[in-house]
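Engineer: Each residue of the sequence shown is one higher than the one before, starting from 1 at the first, in the numbering used here.
We put the CB at the ideal spot given by N, CA and C, even for glycine.
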Amino acid sequence: MDNVPEIANKTVTVDGKSVTIAVFDTQGTEKFRTITSSFYDSSAGIMIVYDITRPDSFHSLENWFNECERYSPQSEIMLIGNKLDLKDSRAVPMEEAVKLAEGMGKVYVETSATTGEGVEEAFQKLVQSLL
Numbered sequence: 001m002d003n004v005p006e007i008a009n010k011t012v013t014v015d016g017k018s019v020t021i022a023v024f025d026t027q028g029t030e031k032f033r034t035i036t037s038s039f040y041d042s043s044a045g046i047m048i049v050y051d052i053t054r055p056d057s058f059h060s061l062e063n064w065f066n067e068c069e070r071y072s073p074q075s076e077i078m079l080i081g082n083k084l085d086l087k088d089s090r091a092v093p094m095e096e097a098v099k100l101a102e103g104m105g106k107v108y109v110e111t112s113a114t115t116g117e118g119v120e121e122a123f124q125k126l127v128q129s130l131l
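#1: Taking 7 Å as the CB-CB cut-off, is Val98 touching chain C?
#2: Using only the alpha-carbon positions, how far apart do Leu22 and Asn63 sit?
#3: Verify whether the separation of the beta carbon atoms of Val107 and Lys125 is less than 7 Å.
#4: Determine the burial state of Lys83: buried for a count of at least 16 other Cβ atoms within 10 Å of its Cβ, exposed for fewer.
#5: In whole angstroms, give me the CA-to-CA distance for Leu100 and Tyr40.
#6: Using three-state DSSP, classify Val12 as helix, strand or coil.
#7: Note down the Cα distance separating Ala149 from Val119, rounded to an integer number of angstroms.
#8: Hey, Leu61 and Tyr71: beta-carbon distance below 7 Å or not?
#9: Quick one: what's got a C-beta closer than 6 Å to Ile52's C-beta in the same chain, skipping five residues either side?
#10: Under a Cβ-count criterion, where at least 16 other Cβ atoms within 10 Å of its own Cβ denotes burial, should Ala122 be classed as buried or exposed?
#11: Can you tell me where the alpha helix (DSSP H) with Glu62 in it begins and where it stops?
#12: Of all the options Ser57, Val12 and Cys68, which has the alpha carbon lying nearest to the alpha carbon of Met78?
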């Protein structure tokens, strides 16, 4: 279904507690823009993900952050740099992303959805911030 975000359940164990979370992947695309706001109301945590190989993706972080703050001020928000497996093609220096996250008062983690590197750490940090 191209008109519905990907939805999956993920169980994360933090400090001996197992927590099952629902993950809604809206892929940051315009086609989901109108339904994305409906997900904010029920969100306790939000991961804003950008592609470390695409500066335009990084430059859209602030807009996504502002939207999340506006529609879901109660949510924990963290920033994720994805595609760590393509670090040879990195276009956004990690230092720049860390500086942005720190300026927003948010946690920053880098991941690779392809290899799984950093993914569990990201989910654990988000869940830990919610407990």
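Structural biologist: Quick look at the numbers:
#1: Annotation note: the requested chain C is absent from the structure, which comprises a single protein chain.
#2: Position 22 of the sequence shown, counted from the start, is the residue given in the question as residue 22. Position 63 of the sequence shown, counted from the start, is the residue given in the question as residue 63. It is worth fixing the name first, because residue 22 is Ala in this sequence and not Leu. About 24 Å.
#3: Along the sequence shown, read from residue 1 onward, the residue named residue 107 stands at position 107. Along the sequence shown, read from residue 1 onward, the residue named residue 125 stands at position 125. Yes, the pair counts as a contact, with Cβ atoms nearer than the cut-off.
#4: The residue given as residue 83 occupies position 83 in the sequence shown. The residue in question, Lys83, is buried, as its Cβ has 16 or more Cβ neighbours within 10 Å.
#5: The residue labelled residue 100 in the question sits at position 100 within the sequence shown. The residue labelled residue 40 in the question sits at position 40 within the sequence shown. Computed Cα separation, rounded: 22 Å.
#6: Position 12 of the sequence shown, counted from the first residue, corresponds to residue 12. If DSSP states are grouped into helix, strand and coil, Val12 belongs with the strands.
#7: Outside the displayed range of the chain (1 to 131) lies residue 149, so it cannot be described from this structure.
#8: Sequence index remark: in the sequence shown, residue 61 carries index 61 (1-based). Sequence index remark: in the sequence shown, residue 71 carries index 71 (1-based). No, the pair does not count as a contact, with Cβ atoms beyond the cut-off.
#9: In the sequence shown, counting from the first residue as 1, residue 52 sits at position 52. The answer, listed in chain order, is Gly81, Lys83, Arg90 and Val92.
#10: Within the sequence shown, the letter at position 122 stands for residue 122. Buried, by the Cβ-count rule.
#11: Your numbering for residue 62 matches position 62 in the sequence shown. Per DSSP, the continuous alpha helix (DSSP H) segment holding Glu62 begins and ends at Leu61 to Tyr71.
#12: Position 78 of the sequence shown holds residue 78. The candidate whose alpha carbon is nearest that of Met78 is Cys68.
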